[in-house]
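In this note's numbering, the protein residues as written are 1 to 213. Just so you know, even glycine gets a beta-carbon here, dropped at the ideal spot from N, CA and C.
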Amino acid sequence: MVCEYSDKCGGCSLLDVSYEEQVRNKSRLFEDSVRAAVSDSSVSEGAGEGVSDFEILPPVFAEQFGYRSRARFRYSKEGLSFYEKRTNTPVIIKKCPVLDEKMNAFIANPPRLNLWELPDGELSCISTDKGIVYNSGVGWVSVKDKKIPVSGDVFFQSNRLLLPSLIDFVMENTEGPSVMDLYSGVGTFSAFLEDKYDVTAVEINRKCLSLAK
1 MVCEYSDKCG GCSLLDVSYE EQVRNKSRLF EDSVRAAVSD SSVSEGAGEG
51 VSDFEILPPV FAEQFGYRSR ARFRYSKEGL SFYEKRTNTP VIIKKCPVLD
101 EKMNAFIANP PRLNLWELPD GELSCISTDK GIVYNSGVGW VSVKDKKIPV
151 SGDVFFQSNR LLLPSLIDFV MENTEGPSVM DLYSGVGTFS AFLEDKYDVT
201 AVEINRKCLS LAK
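Structure (structure tokens):
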């Protein structure tokens, strides 16, 4: 058994199939969602003819285990937990095969905190260059030749191993001179695009924009 908690923990749902099948399943779900969205837009009022011909590129994937650098835990004095499948029942864990080494070290030795300090008793955690930060804490993550500011309570790519390939793809397929980085988060793509283009980052979360600046 890959994970001793897989029969209860709701954190993962595909560990019982091969990694190749996991990738195929996720690719099919993505393609079905895109085609459904395009179909809906093509028949909606005022949408014109819509988009009928498009290409879905092959999936980008990296390692099966040890890749995830973000997680949200339920905190208690007994330890950190995820939730049981389809319930709010905590499942105390000691190790997670999909989390990276820093995150697993954090699970094995969690900080001592007062529950009243934590919204809903939860810790939103992210691995940084110098360890784990959680909730509103801020750290830095090295991506290629940049250092990106991150926080536990805003979005950042969970699978950091994919970022170099994703950034390379964006850089190779961008044309200027002006670029809009929509749903920019903390500005990961903007940080690389701004070396060559006039970039406008668009994001509703003010903390994300503050970190991006």
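- Which term fits Glu-203, buried or exposed, when burial requires 16 or more other beta carbons within 10 angstroms of its beta carbon? buried
For this session: Spatial neighbours of Val-181 within its chain, please: CB distance less than 8 Å, with the 5 preceding and 5 following residues excluded, ordered by chain position.
Result: In the sequence as displayed, the identity of residue 181 is Asp instead of Val. Counting only Cβ-Cβ distances below 8 Å, and skipping sequence neighbours, we find Gly-187, Phe-189, Ser-190, Leu-193, Val-199, Thr-200, Ala-201, Val-202.
Where Pro-110 sits in the DSSP three-state scheme: coil
**Study point:** Nearest-angstrom beta carbon gap, Cys-96 and Gly-152 [assumed within contact, 8 Å]
**Key:** At roughly 17 Å, the Cβ-Cβ gap does not stay under 8 Å, so Gly-152 and Cys-96 are not in contact.
**OP:** Spatial neighbours of Gly-79 within its chain, please: CB distance less than 6 Å, with the 5 preceding and 5 following residues excluded, ordered by chain position.
**Re:** Ile-92
Q. Is the closest heavy atom of the ligand ADP to the C-beta of Ala-201 under 7 Å?
A. As for the ligand ADP, it is missing from this structure, which has no ligand bound.
Which two residues bound the contiguous alpha helix (DSSP H) that contains Arg-206? 206-212
Between the region 69-83 and the region 155-163, can you find at least three pairs of beta-carbon atoms closer than 8 Å?
yes
*asked:* So, for Val-2: in the same chain, excluding its five sequence neighbours on each side, which residues have a beta-carbon less than 7 Å away from its beta-carbon?
replied: Leu-15, Pro-97
Could you tell me the distance, in whole angstroms, from the CA atom of Asp-145 to the CA atom of Ile-107?
29 Å
| query | Would you say Pro-149 and Val-133 are within 8 Å of each other, going by their C-beta atoms? | reply | no
### DSSP-derived helix/strand/coil call for Phe-61
coil
For Leu-211, count the other beta carbons within 10 Å of its own beta carbon; 16 or more makes it buried, fewer makes it exposed. Which is it?
buried
Of the residues Glu-84, Pro-110, Ser-81, Glu-20, the one placed nearest Pro-58, counting alpha carbons only: Glu-20
Exercise for review: Return yes when the Cβ of Ala-62 is within less than 8 Å of the Cβ of Leu-166, no when it is not.
Suggested key: no
* Asked: Would you say Tyr-75 and Leu-99 are within 8 Å of each other, going by their C-beta atoms?
  -> no
- prompt: Can you give the beta carbon distance from Ser-136 to Lys-102, rounded, assuming they're within the 8 Å contact cut?
  reply: Contact flag wrong, Cβ pair sits at about 19 Å.
Notebook entry, point to check: How is the alpha helix (DSSP H) around Asp-168 delimited, first residue to last?
Noted result: 163-172
What number of angstroms, rounded off, separates the C-alpha of Val-34 from the C-alpha of Thr-87? 29 Å
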